[in-house]
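**Q** Handing you this structure, nothing more for now.
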Amino acid sequence: MLWRWRHNPLRRRTDTLHAWIGLGALIAVLAVAPVAAVLVGDAARRHYEDTARHQNLTRYETTGTLTEDAPRHPEPGSDEERKTRYPAEVRVVTGEGRTRTMRTEVRPGLTADNTVRLWITADGEATDPPLSAEEVRSRTMGWSLLAAIGVALTGAAAHALAGLALRRRNLADWDTAWAETAPRWTTPT
Numbered sequence: 003m004l005w006r007w008r009h010n011p012l013r014r015r016t017d018t019l020h021a022w023i024g025l026g027a028l029i030a031v032l033a034v035a036p037v038a039a040v041l042v043g044d045a046a047r048r049h050y051e052d053t054a055r056h057q058n059l060t061r062y063e064t065t066g067t068l069t070e071d072a073p074r075h076p077e078p079g080s081d082e083e084r085k086t087r088y089p090a091e092v093r094v095v096t097g098e099g100r101t102r103t104m105r106t107e108v109r110p111g112l113t114a115d116n117t118v119r120l121w122i123t124a125d126g127e128a129t130d131p132p133l134s135a136e137e138v139r140s141r142t143m144g145w146s147l148l149a150a151i152g153v154a155l156t157g158a159a160a161h162a163l164a165g166l167a168l169r170r171r172n173l174a175d176w177d178t179a180w181a182e183t184a185p186r187w188t189t190p191t
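One gets our numbering by counting positions in the sequence shown from 1 and adding 2 to each.
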């Protein structure tokens, strides 16, 4: 980009203009990206904190009893055993005192009649636990990062489109200049 500012007999006005547009886009991205990241991050944080509050009010943790054996796929004691979960039938007594049977994810190797802790909704459906503070923070940071990247990509796209328009103008000027010069360079046959 710096070569466009150097004095050169072949430098066109559009080359200098393209360099200034690039500098302007860079300054704009550096100024707007942090603001966009903060604004989007704040909105995302408020949204996910409200979601977590709502989930805390509408979900509760209870104990369920397995009605069937869970598969034993991973090696006992391995890392996979701690991470892997399998769907299994669980019998739960809801907050209203009704007994329900539902499917939920459990550790491998558990046998029938074992108890497991699970989260259920007020309607008595199995669900994930409410969002934790770490999950809220992680999602907020993700949206902030996406906002900053979006601003940078928008700046890069604007610079590229300006370059395309200036290149078209250069080609049109070149065609005009050649149309004037060509008759003097060619000989009639």
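Beta carbons are placed, not taken as given, at the ideal position from N, Cα and C, and that holds for glycine.
In this text, all values refer to a predicted model and were calculated from it rather than measured experimentally.
1. Since I29 contacts A164 with CB under 8 Å, what's their CB separation in whole angstroms?
2. Can you find at least 3 beta carbon pairs, one from the region 92-111 and one from the region 40-54, that sit closer than 8 Å?
3. Can you tell me whether I151 is buried or exposed? The criterion is at least 16 other CB atoms within 10 Å of its CB, across all chains shown.
4. Ends of the beta strand (DSSP E) at A90?
5. Of the residues E182, W121, S146 and E137, which one's Cα is nearest the Cα of D130?
6. Hey, is the region 106-124 in contact with the region 31-49, meaning 3+ C-beta pairs nearer than 8 Å?
7. If you follow the beta strand (DSSP E) that T64 is part of, which residue opens it and which one closes it?
8. Residues in its own chain within less than 7 Å of W145 by CB, not counting five upstream and five downstream?
9. Just to confirm my understanding: we take L2, look at its own chain, exclude 5 residues before and 5 after, and list those with CB closer than 7 Å. What are they?
10. For P11, count neighbouring C-beta atoms within 10 Å of its own C-beta (all shown protein chains included) and say buried if the count is 16 or more, exposed if not.
**A** Considering the structure as presented:
1. Actually they do not touch by this definition, with Cβ atoms about 14 Å apart.
2. With the rule of 3 Cβ pairs closer than 8 Å, the region 92-111 does not count as touching the region 40-54.
3. I151 comes out exposed.
4. For A90, the enclosing beta strand (DSSP E) covers residues Y88 to V95.
5. Of the candidates E182, W121, S146 and E137, the one whose C-alpha sits nearest the C-alpha of D130 is W121.
6. Touching, no, given that fewer than three Cβ pairs across the two stretches are closer than 8 Å.
7. Start and end: R61 to L68.
8. Cβ neighbours of W145 beyond the five flanking positions: V42, G43 and A46.
9. Here the chain has residues from 3 to 191 only, and residue 2 is not among them.
10. Classification for P11: exposed.
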